[in-house]
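Student:
Protein chains: 2
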Amino acid sequence: MSRSFRDEASWVKFISSRWRNSRADVSIGDDACVLPAASYAVTTDALLEGVDFMTSWAPPRAVGCKALAVNLSDLAAMGASPSFFLITLCIPEDLPDSYVEGVIEGMKELSEREGVSCCGGDLSSSRSGLVISITLFGEVVGEPLLRSDGRAGDYLFVSGTLGAPAEALHSFMSGAKLPVFDSAIPPVSGEDKLLDRFFRPPSQRELGVFLAEYGIATCAIDVSDGFVVDLHRLCEASGVGAEIEKASLPVDPLLEGLSPADRLKRVLYGGEEQVLLFGVDPAYLERVRSSSFPVRCVGRLVKRPGIVLVSPDGRHEKLAAKGFDHFDC
Amino acid sequence: MSRSFRDEASWVKFISSRWRNSRADVSIGDDACVLPAASYAVTTDALLEGVDFMTSWAPPRAVGCKALAVNLSDLAAMGASPSFFLITLCIPEDLPDSYVEGVIEGMKELSEREGVSCCGGDLSSSRSGLVISITLFGEVVGEPLLRSDGRAGDYLFVSGTLGAPAEALHSFMSGAKLPVFDSAIPPVSGEDKLLDRFFRPPSQRELGVFLAEYGIATCAIDVSDGFVVDLHRLCEASGVGAEIEKASLPVDPLLEGLSPADRLKRVLYGGEEQVLLFGVDPAYLERVRSSSFPVRCVGRLVKRPGIVLVSPDGRHEKLAAKGFDHFDC
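Going line by line, the protein sequences match chains G and B.
Residue numbering for the first sequence follows the numbering used here, beginning at -4 and increasing consecutively.
Residue numbering for the second sequence follows the numbering used here, beginning at -4 and increasing consecutively.
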């Protein structure tokens, strides 16, 4: 396959045509964009071909969707409402234009559902592999949710099931491919449902805003490198420890076929979840439990440092802070 | 050379230690940073090893300096005063940590001089080649300077000499190396002075703010892909043409040894200048000329589309809009 060689101006035109109605004061096409005055939370996260995905198993729309989604969950973890983003694309010569167009279409579809628009970016050629870096802006609603404000006694919640993305990645590494990614109609069953989940994390936007706007969460983090390692980061920043109830962990039903040991491994140490992990003051416990969000209480923050997994029989097991490291994969 | 393998947490710590006193409300170390409320202009620009530089001829501090500088000139071209930036680094396994540390130190040195601080970013491994992407924020002073507000009759100015970076790149491609990059003491003469200029564009910050704050410039663009191609972009966005006085072009004295034809080629079509090209209403002509900025009037915007080079003997030559394309290098 060889590229049809869109030039830089043609890519800028293509991207501009996808996000015509940006509410930015100055959008794509100048030296910089200008955003409406506000207090912005800003996050940036990149996906790299050969590191985060392979074109051989990742449909381009799926990659575009995920590239934006990983940023959306970071912003939700701050309690910010997303509004604008920048796209940086470094495009290798041997990648067909159609793949890059698919990536942009995948971003476009998710951006419409989430009410955000692209207002700028940067284009470059790449010596090897597609690089997609997104910078996402959102307005802070109430006080930003930090990792560092958790207190001993807070209940710990996660906002979705755990383990499926790690199992999907395992399948991809073993030769599985997702044949198609339809932004509107996700696969309803079978292996494709599992593989699809890798690229399509559930939206955390409304939950993030709910937790920040009413001061319900004391602290929050996006689970992206693994439940235990991200919980460890939260605990370390807050100067506390955590006790997790093993029986409360929201194991994804898609892990049904796995052995209990493999299941637990995926749930505790798998990455790419893009769900929120947050602390809740006991006074707000019922408010969170009675909300319509698919949240699950998994334990509590405690004074004693370290993370302890409590089995139904009362056994305590200390968990090491291991998980996904971006230089160890 | 093999890396000493800093892990992700260690890089975050290293970067945090370099920008401790950020004025951001939330800085490095959470899921997103939070900026003080304002109307921000935002730009993003990436440098890639193998595309924009080679580690064989580019000292790491020079690369870090340039990675930030290309963003600073984009923001100056909007008339915005820079304040915060995000760093995305994609680090290949075979690159020594010391090179990456040098890149960060180079950024740090320039950031101190320009009064900006890093408040977040993203780290990843890279399959091939170092990728450095920066997103820079600045507050808009007065009305933002756009490419699209130029009018026929405006005087055209450039804010520095032209041609040296293109000649430096030519030298690098022919085997030249810059042995060292000292942020505080630039080389004063010889080939190293030329090579150094490639990485050390003059600061445009104060000029950009001056032009926007008092409504002096009607339009502006950062010259990064070549004088003619960027002038063409400015003209196209403003719906005008331009007449350039050949004798007024600010040829860099470092091009002295070149033939007149090569010199003109570098000045008109060389990229990487990172100086401003801007339009000035005749009413403000003297104000600009009498300012302390090293600006040069090179011609005027005219009604008739296209760019015309006017020789001292009155000959008119139409210039094609060619220059650096990021997919044609």
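Glycine residues also receive a C-beta, built at the ideal position from the N, C-alpha and C atoms.
Quick one, are the C-beta atoms of Lys188(B) and Leu249(B) less than 9 Å apart?
Tutor: Your numbering for residue 188(B) matches position 193 in the second sequence. Your numbering for residue 249(B) matches position 254 in the second sequence. Yes, they are a contact pair.
Student: For Glu44(B), decide whether its Cβ has a neighbour in chain G, counting only Cβ atoms nearer than 9 Å.
Tutor: Locating residue 44(B) in the second sequence gives position 49, where the first residue counts as 1. Yes, Glu44(B) lies at the interface with chain G (some Cβ there is under 9 Å from its Cβ).
Student: In angstroms with no decimal places, state the Cα-to-Cα distance between Ser(-3)(G) and Glu96(G).
Tutor: Counting from 1 along the first sequence, the entry for residue -3(G) is found at position 2. Counting from 1 along the first sequence, the entry for residue 96(G) is found at position 101. In this prediction, Ser(-3)(G) has a pLDDT of 41, which is less than 50 and means its spatial position is unreliable; what the coordinates show is noted afterwards. Roughly 15 Å separates the two Cα atoms.
Student: Once the 5 residues before and after Ser78(B) are set aside, which same chain residues still bring their CB inside 7 Å of it?
Tutor: One-based indexing of the second sequence puts residue 78(B) at position 83. Once the five neighbours on either side are set aside, the close Cβ partners of Ser78(B) are Val111, Phe132, Gly133 and Glu134.
Student: Tell me whether Tyr264(G) is buried or exposed, calling it buried when 16 or more other Cβ atoms sit within 10 Å of its Cβ.
Tutor: What you label residue 264(G) is simply residue 269 of the first sequence in a count that begins at 1. Buried, since its Cβ has 16 or more Cβ neighbours within 10 Å.
Student: Can you list, in chain order, the residues of its chain whose CB lies under 8 Å from that of Thr38(B), leaving out five sequence neighbours each side?
Tutor: Residue mapping note: residue 38(B) aligns to position 43 of the second sequence, counting from 1. Here the set comprises Asn66, Asp69, Leu70, Met73, Thr130 and Leu131.
Student: Quick one, which of Ser184(G), Glu44(G) and Asp40(G) has its alpha-carbon nearest Asp26(B)'s?
Tutor: Here residue 26(B) refers to the residue found at position 31 when the second sequence is read from its first residue. Among Ser184(G), Glu44(G) and Asp40(G), the Cα nearest to that of Asp26(B) is on Asp40(G).
Student: I need the boundaries of the beta strand (DSSP E) containing Pro77(B), first residue and last residue.
Tutor: Within the second sequence, numbered from 1, the residue matching residue 77(B) stands at position 82. Pro77(B) -> beta strand (DSSP E) spans Ala75 to Pro87.
Student: What is the residue span of the alpha helix (DSSP H) that Asp191(G) lies within?
Tutor: Your numbering for residue 191(G) matches position 196 in the first sequence. It spans Gly185 to Phe194 - the alpha helix (DSSP H) in which Asp191(G) sits, taken as one unbroken run.
Student: In chain order, what residues of the same chain have a beta carbon less than 7 Å from the beta carbon of Phe193(B), not counting five sequence neighbours either side?
Tutor: Position 198 of the second sequence holds residue 193(B). Answer for Phe193(B): Pro160, Ala163, Leu164 and Glu267, listed in chain order.
Student: On the three-state DSSP scale, how would you describe Arg(-2)(G)?
Tutor: Within the first sequence, the letter at position 3 stands for residue -2(G). Residue placement at Arg(-2)(G) is poorly supported in this model, since its pLDDT is 48, which falls under 50; the coordinates still yield a value, given next. Arg(-2)(G): coil per DSSP, three-state reduction.
Student: At what residues does the alpha helix (DSSP H) containing Ala256(B) begin and finish?
Tutor: In the second sequence, residue 256(B) corresponds to position 261, counting from 1. Pro255 to Tyr264 is the extent of the alpha helix (DSSP H) around Ala256(B).
Student: Closest by CA to Pro55(G), which one among Ile23(G), Leu125(G) and Ile82(G)?
Tutor: Translated into the one-based positions of the first sequence, residue 55(G) becomes position 60. When only C-alpha atoms are compared, the closest one is Leu125(G).
Student: According to DSSP, which residues form a beta bridge with Ile129(B)?
Tutor: Here residue 129(B) refers to the residue found at position 134 when the second sequence is read from its first residue. DSSP lists Asp40(B) and Ile82(B) as partners of Ile129(B).
Student: Please list the partners that Met102(G) has in chain B, where partner means a Cβ-to-Cβ separation under 7 Å.
Tutor: Within the first sequence, the letter at position 107 stands for residue 102(G). Those within 7 Å of Met102(G) in chain B number zero; the least Cβ separation is about 15 Å.
Student: Report the CB separation of His227(B) from Ile302(B) in whole angstroms; it is logged as a contact under 8 Å.
Tutor: Residue 227(B) sits at position 232 when you count from the first residue of the second sequence. Residue 302(B) sits at position 307 when you count from the first residue of the second sequence. His227(B) to Ile302(B), Cβ: 6 Å. Contact.
Student: Near Asp117(B), which residues of its chain fall below 7 Å by C-beta distance, leaving aside the five closest residues on each side in sequence?
Tutor: Taking the first residue of the second sequence as 1, we reach residue 117(B) at position 122. Contacts found: Thr83.
Student: Relative to the C-alpha of Val235(G), which residue among Ala256(G), Gly203(G), Arg282(G) and Thr213(G) is closest?
Tutor: Looking up residue 235(G) in the first sequence gives position 240. With distances taken between Cα atoms, Val235(G) lies closest to Thr213(G).
Student: Compute the Euclidean distance between the alpha carbons of Cys324(G) and Cys85(B), then round it to the nearest angstrom.
Tutor: As a working note, residue 324(G) is residue 329 in the first sequence. As a working note, residue 85(B) is residue 90 in the second sequence. Low confidence applies to Cys324(G): its pLDDT is 39, below 50, so where it sits in the model is not reliable enough to give any reading.
Student: Pick out whichever of Arg295(G), Gly59(G), Ser106(G) and Pro87(G) has its Cα sitting closest to the Cα of Ala237(G).
Tutor: By one-based count along the first sequence, residue 237(G) stands at place 242. The shortest Cα separation from Ala237(G) among Arg295(G), Gly59(G), Ser106(G) and Pro87(G) belongs to Arg295(G).
Student: What does the alpha-carbon distance come out to for the pair Leu304(G) and Asp247(G)?
Tutor: The count along the first sequence starts at 1 and reaches residue 304(G) at position 309. The count along the first sequence starts at 1 and reaches residue 247(G) at position 252. One C-alpha to the other measures close to 18 Å.
Student: Looking at chain G, is there any beta carbon in it that lies within less than 9 Å of the beta carbon of Met168(B)?
Tutor: Position 173 of the second sequence, counted from the start, is the residue given in the question as residue 168(B). Cβ-Cβ to chain G under 9 Å: no for Met168(B).
Student: At least one CB of chain G closer than 9 Å to the CB of Ser254(B): is that the case?
Tutor: Residue 254(B) sits at position 259 when you count from the first residue of the second sequence. Chain G contact via Cβ: absent.
Student: Tell whether a beta-carbon distance below 9 Å holds between Ser119(B) and Leu43(G).
Tutor: For the purposes of this step, residue 119(B) is taken as residue 124 along the second sequence, with counting starting at 1. For the purposes of this step, residue 43(G) is taken as residue 48 along the first sequence, with counting starting at 1. Yes, they are a contact pair.
Student: Tell me, please, whether the CB atom of Tyr35(G) is closer than 9 Å to any CB atom in chain B?
Tutor: By one-based count along the first sequence, residue 35(G) stands at place 40. Interface residue, yes.
Student: What does Met49(B) reach in chain G if we use C-beta pairs closer than 9 Å?
Tutor: Residue numbering aside, residue 49(B) sits at position 54 when the second sequence is read from its first letter. Those do not exist, as Met49(B) stays about 10 Å from chain G at its closest Cβ, beyond 9 Å.
Student: Could you pull the DSSP bridge partners for Ala171(G) from this structure?
Tutor: On the first sequence, residue 171(G) is found 176 positions in, with the first residue counted as 1. None, per the DSSP bridge assignment.
Student: Give the single residue among Gly24(G), Asp308(G), Pro300(G) and Val175(G) whose Cα lies nearest to the Cα of Cys60(G).
Tutor: For the purposes of this step, residue 60(G) is taken as residue 65 along the first sequence, with counting starting at 1. Cys60(G) has its Cα closest to that of Val175(G), out of Gly24(G), Asp308(G), Pro300(G) and Val175(G).
Student: Among all the DSSP beta bridges, which residues are the ones paired with Tyr35(G)?
Tutor: Working through the first sequence from its first residue, we reach residue 35(G) at position 40. Glu134(G).
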